[in-house]
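Following: one structure in structure tokens, then a few remarks.
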């Protein structure tokens, strides 16, 4: 299969009371191998919904997603964890699902997340930052071909932030990235493409600079 991720006439709506709110309306988008795609949009435009759909966290109302690459869950997303289990137990489960070497994965995640003894406590007792660090470390322990980044790439102190940058943009520079961010400089520095989510649709322009100019005037 061709190495890309395609959103084909992708729509998503939610029931709100007796009405239905359309968030995404027949989105068409392709992310090719090696693409670094920035996604811009005002609050409530559907950026996080799009990321969750691509990552399989949410299901589309209509349309489909074709995944010709392995796709991560949204980095730092802890919603897939079983809260009553420890971080260690969640790691063991993920090792079984993804057929990972347990000892190698344990060493990597413990060293990267730096949770100390709390790694063996129930995840529901973690702060949001701790959950994000665990989710980020587990995401990077699996060699996905496309990583999803939803505005929360930086979780923790400056040293941890730099390690996240090195892992994603250094060691995995050949991977595809889909990045939701309001930081225009970050988008310019890390992306080779940029789209805007506006009025439930995807808009793409000839350059990142043009996309940013349009976005700033929305």
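In the numbering used here, the protein residues as written are 97 to 314.
By construction, the Cβ of each residue, glycine as well, lies at the ideal position given by its N, Cα and C atoms.
| Item | Value |
| --- | --- |
| DSSP has residue 154 in a bridge; who is on the other side? | DSSP lists no partner for residue 154. |
| Could you tell me which whole alpha helix (DSSP H) segments of length 4 or greater appear in the segment 171–221? | 183–194, 198–209 |
| Which of the three DSSP states, helix, strand or coil, is assigned to residue 240? | coil |
| When you compare the CB positions of residue 125 and residue 103, do they come within less than 8 Å of one another, or not? | yes |
| Answer yes if the segment 256–265 comes into contact with the segment 145–157, meaning at least three C-beta pairs across the two stretches below 8 Å, and no otherwise. | no |
| Where does residue 100 fall in DSSP's three states? | strand |
| Do the segment 174–188 and the segment 215–233 make contact, defined as three or more Cβ pairs closer than 8 Å? | yes |
| Taking Cβ positions, are residue 205 and residue 254 nearer each other than 8 Å? | no |
| How big is the Cα-Cα spacing for residue 160 and residue 105? | 7 Å |
| Assuming contact is defined by CB atoms lying nearer than 8 Å, are residue 190 and residue 234 in contact in what I supplied? | yes |
| Enumerate in chain order the residues of its own chain whose CB-to-CB distance from residue 168 is below 8 Å, with the five nearest sequence positions on each side excluded. | 151, 235, 238, 240, 242, 243, 244 |
| From what residue to what residue does the beta strand (DSSP E) around residue 289 run? | 289–294 |
| Determine, using beta-carbon pairs with one atom in the segment 271–288 and one in the segment 194–213, whether at least three such pairs fall under 8 Å. | no |
| In the DSSP assignment, what are the bridge partners of residue 119? | Residue 119 is not bridged to any residue. |
| Measuring straight from C-alpha to C-alpha, what distance separates residue 222 and residue 214? | 8 Å |
| I'd like the list of long-range same chain contacts for residue 207, defined as Cβ closer than 6 Å, with 5 residues on each side in sequence excluded. | none |
| Kindly indicate which residue of 123, 108, 122 has the alpha-carbon position closest to the one of residue 116. | 108 |
| In the DSSP assignment, what residue or residues form a beta bridge with residue 265? | For residue 265, which the question treats as bridged, DSSP gives no partner whatsoever. |
| Got a sec? Which residues, its chain only, sit under 7 Å from residue 292 by beta carbon, not counting five neighbours each side? | 136, 137, 299, 307, 310, 311 |
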